[in-house]
Amino acid sequence: MGCVPLFTPDLGQPRLRPGKAGAIDQQFGPRAVNRLILTHDKTMVQGDVLIDDEGIITGAAVPSWQHLIHDQFHNRSVTGVPRMSDWREWRGHVYPLLDRVPV
667 MGCVPLFTPD LGQPRLRPGK AGAIDQQFGP RAVNRLILTH DKTMVQGDVL
717 IDDEGIITGA AVPSWQHLIH DQFHNRSVTG VPRMSDWREW RGHVYPLLDR
767 VPV
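Take 667 as the starting number for the sequence shown in the numbering used here and just add one per residue.
Here's what the structure looks like:
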């Protein structure tokens, strides 16, 4: 399975971008940093599962991915979407979603 880190950069805070890369490196290693995608519209990126702390993701396209919410205080009102609270548990949440992906 290929995983690609995907972030929406804050145009007003360009200094935050290296911090995102550092967080990816710490959690997933340097190979993941080399695959990092920065985009303003996550719906335009093809994939199977998107792990994101944004509760509702909209954009120009219909997403090809299933949304897995990384639980945060600001997204607790969103229901009907799978949710994880600890990055160490990502496999236990992602793999069952991949079983639902049409081949």
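The beta-carbon is built from N, C-alpha and C at its ideal position, and this holds for glycine as well.
Computed from a predicted structure; not experimentally measured.
Could you give the first and the last residue of the continuous alpha helix (DSSP H) run that contains residue i?
{"i": "residue 763", "result": "756-764"}
{"i": "residue 696", "result": "696-700"}
Is residue i helix, strand or coil when you go by DSSP?
{"i": "residue 751", "result": "coil"}
{"i": "residue 718", "result": "strand"}
{"i": "residue 723", "result": "coil"}
Along the beta strand (DSSP E) that carries residue i, what are the first and last residues, could you check?
{"i": "residue 734", "result": "732-736"}
In chain order, what residues of the same chain lie with their CB nearer than 7 Å to the CB of residue i, ignoring the 5 residues before and after it?
{"i": "residue 737", "result": "749, 750 and 751"}
{"i": "residue 687", "result": "699 and 702"}
Measure the CB-CB distance between residue i and residue j and report whether it falls below 8 Å.
{"i": "residue 699", "j": "residue 734", "result": "no"}
{"i": "residue 756", "j": "residue 717", "result": "yes"}
{"i": "residue 741", "j": "residue 719", "result": "yes"}
{"i": "residue 744", "j": "residue 713", "result": "no"}
{"i": "residue 715", "j": "residue 764", "result": "yes"}
Could you check how far apart the C-beta atoms of residue i and residue j are, in whole angstroms? I think they sit under 8 Å.
{"i": "residue 731", "j": "residue 693", "result": "So it is not a contact: roughly 19 Å between Cβ atoms."}
{"i": "residue 726", "j": "residue 709", "result": "6 Å"}
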